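Numbering (my numbering), first residue to last: 984 to 1783. From the three backbone atoms N, C-alpha and C, an ideal C-beta is built for every residue, glycine too. Just so you know, these numbers come straight off a predicted model, no measurement behind them. Encoded as structure tokens, the structure appears first; notes follow it.
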Ligand SMILES: Cc1ncc(C[n+]2csc(CCOP(=O)(O)OP(=O)(O)O)c2C)c(N)n1
Ligand SMILES: [Mg+2]
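See below:
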């Protein structure tokens, strides 16, 4: 047993110790009960095989440690009346968190049929990992949770996200020693360089060194304690070490360590808030070393289990068939002395409940874990102020992200006092041309400042760390606790969080079905520096596949937008910032881009999601179009408009329709996605039998995938990114991928019946320009003059 304490908090009294231990034993009993029992919950009769579940599922190994921590958090919160949220990294320890929620009563308040008595205990046990029951992890269904812990790695970034701008909140974060080996968790330690002791809450990490993962020792548990201590100090912590396997001693040491930690947090806060100290604080944390599977079977079938990796899941696996295992399980359950913990009706005794705080202070009842309850409407200014003037399409150029940057700046400014909006990104806010926001808020930074630094600020709400995982985790934690935000990222590198966004979408899908969970603000991505304009970086930075990934996920929670110009980006951004319970992905360029639509037209177009741009086509209304040129994305839109102009010039009799798609899910059948079009609508827009040449921002297969069931699908020809990338001119990128205007014209000639012969000279000319392009760029290092100087020649009715 070792513990490092500068101030010595009052030791536990014997009564407190007894009652804390009773609570811990009760939670352990309830955890084992959930894993094994479907009947005889209080062991009022000898345990028989039919009392045991036929399929034994769940994770015991981590549970006694989590129960120990929960018990002591209860004491701490109650004694000090703390506002606390706990993130349980080893979320596979669902039985422990459920047991504690049931003990504190928050479970029965959320699920009234699971009462805090014998009948409710029987339900609690039976439903766990049982068909029609509850998941084995700390899932969205679990009261008090913002973190599933199923996919390990995100606990600490979630905890920091929750703490940001919640100055009175203590976020405790339990980290498994296995989870601590993951990249995302390792990066999240750096959050101490960003957490503001004045405007933010505190995070108290508890690194739970139970020594093992599923089948291996953990790296950190086998480090000499001095090395581990030095590592954690390097991350900005002042670790308190609690080590032991004798319950009473651990109770005493953990209670003291938690008291000390909170005292030190108070000291840090007072220094910063009252004393004006701006030095980066050293935050306390706890390293808790207790055995994995503590208090479980010491040995099973002659091999050690308690204190080893073998306790990770279900230590006694053959209870229904092997009488020895059954006896061992009964002895294990009775070792907690349930008759001392629960009365004859199964109600926990007063001693067991003595440590539990009241009302919303309980970990399972904190509103911070049901963030929608705390959510306020974001004060979004009217868009007119930011809109670019568009008298006619294509007459001016703007950088769309720079235009939206001004909007974000004013959202930042409007939330300066309420502090419920953050912008996160991996070092790219300025590169993505959103730097206008710095006028309203600098970048959060607590580490050393040098004269060369710009826009760094102790209380900043722009968050920049070169860890997409940490950005994502911070934002998720922030949103799940009832705030708003936006993640701006290079399009190619957002793939780094593919797996994290999966988990968040799963979370949203599940919470949408839980009536007690209030909707939260959507997770919004602004993906820019996209595939077509990687002028500095080339192939490594070219990947438009994130949208393919998210469109595999629950359609009810996923939205993807391709605004083609500045005003549509404004309209889409406004829309997503107002939305709830979605993951919204916006893909938009930062390079100068033609302004096609006025704000009014952009707003209408975005509401439609996809529409005919009458002013761009040559339909005269008296006959059906001969071909549809469709586009999604800013660069494809430019190429389609340039192709439409070429067709107008070279094939004036051709009836061309131009369709722009902003909301890509509009292509899906209405039965598959809430934004999907009916077949009537789709056939009207794209025709059932005319060639559709679709120029798409990303991988062409996505469009086929979304539209494959449409009547006219076999007439659809999609151009997009074919994984051909390099550092070259912007136009060469589209030529290399066959998305350029000349190729699109050739596609039209190839597919519209009768044109192949009639327009073979035009086709030849198009091919000639492509060849000329090839040699021109190699000689001049820049695009052809007719491409660089291209402009839209107005025709027909202007929009509106
Ligand atoms: C990213 C990820 N990889 C692998 C797993 C599979 N897995 C589940 S639990 C576990 C071991 C976790 O060990 P630790 O974090 O030490 O938790 P504890 O010992 O408290 O159970 C692993 C590898 C996972 N859940 N997530
Ligand atoms: Mg472990």
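| Query | Result |
| --- | --- |
| Distance cut-off 7 Å: residue 1159 Cβ against heavy atoms of ligand 2 | yes |
| C-beta atoms of residue 1413 and residue 1395 nearer than 8 Å | no |
| Local Cβ density within 10 Å of residue 1137, reported as buried at 16 or more and exposed below that | buried |
| Spatially closest choice to residue 1710 from 997, 1588, 1523 and 1039, by CA coordinates | 1523 |
| Secondary structure of residue 1511, DSSP reduced to three states | strand |
| Cβ shell of residue 1565 (< 6 Å), same chain only, five flanking positions each side left out | 1505, 1540 and 1542 |
| Residue 987 burial status per 10 Å Cβ neighbour count (16 or more: buried) | Here the model assigns residue 987 a pLDDT of 42, short of 50, so the residue's position is not dependable and the matter cannot be decided. |
| Host alpha helix (DSSP H) of residue 1485 (start-end) | 1481 to 1494 |
| Straight-line Cα distance separating residue 1177 from residue 1439 | 10 Å |
| Residue 1338, DSSP secondary structure in three states | coil |
| Exposure of residue 1682, with buried meaning 16 or more beta-carbon neighbours within 10 Å | buried |
| Whole-Å CB distance - residue 1408 paired with residue 1470, under 8 Å assumed | 6 Å |
| Contiguous alpha helix (DSSP H) assignments of at least 4 residues, all confined to the segment 1135 to 1191 | 1138 to 1146 and 1166 to 1171 |
| Beta-carbon gap between residue 1588 and residue 1639 smaller than 8 Å | no |
| Residue 1493 beta carbon near ligand 1 (any heavy atom closer than 7 Å) | no |
| Secondary structure, alpha helix (DSSP H): runs of 4+ residues fully inside the segment 1033 to 1066 | 1046 to 1063 |
| Minimum C-alpha distance to residue 1488 - residue among 1390, 1459 and 1162 | 1459 |
| Sequence-distant residues of its chain with Cβ nearer than 8 Å to residue 1102 (five each side left out) | 1329 |
| Short Cβ contact (8 Å threshold) for residue 1570 with residue 1530 | yes |
| Any non-hydrogen atom of ligand 1 within 7 Å of residue 1551 CB | no |
| Heavy atom of ligand 2 within 7 Å of residue 1199 beta-carbon | no |
| From 1043, 1582 and 1752, residue whose alpha carbon lies closest to that of residue 1387 | 1582 |
| Residue 991, buried or exposed, once every other Cβ within 10 Å from all chains shown has been counted against 16 | exposed |
| DSSP state of residue 1503 mapped onto helix, strand, coil | coil |
| DSSP state of residue 988 mapped onto helix, strand, coil | Legend: pLDDT at residue 988 = 42, less than 50; position of this residue unreliable, no value from coordinates given. |
| Unbroken stretches of the alpha helix (DSSP H), 4 residues or longer, contained in the segment 1630 to 1669 | 1662 to 1669 |
| Residue span of the beta strand (DSSP E) that contains residue 1267, given as start and end | 1266 to 1272 |
| Burial state of residue 1024 (16 or more Cβ within 10 Å) | buried |
| Distance, residue 1452 Cα to residue 1104 Cα | 39 Å |
| Contacts around residue 1066, its chain only, beta-carbon distance under 6 Å, and the 5 residues preceding and following it disregarded | 1151 and 1152 |
| Beta-carbon proximity list for residue 1093, same chain, < 7 Å, skipping 5 on both sides | 1126 and 1499 |
| As assigned by DSSP and simplified to three states, the class of residue 1258 | coil |
| Residue of 1051, 1193, 1467 and 1082 minimising C-alpha distance to residue 1358 | 1467 |
| The segment 1700 to 1715 touching the segment 1600 to 1612, judged by at least three CB pairs closer than 8 Å | no |
| Residue environment, residue 1737, which counts as buried when at least 16 other CB atoms sit within 10 Å | exposed |
| Backbone secondary structure at residue 1226 - three-state DSSP | strand |
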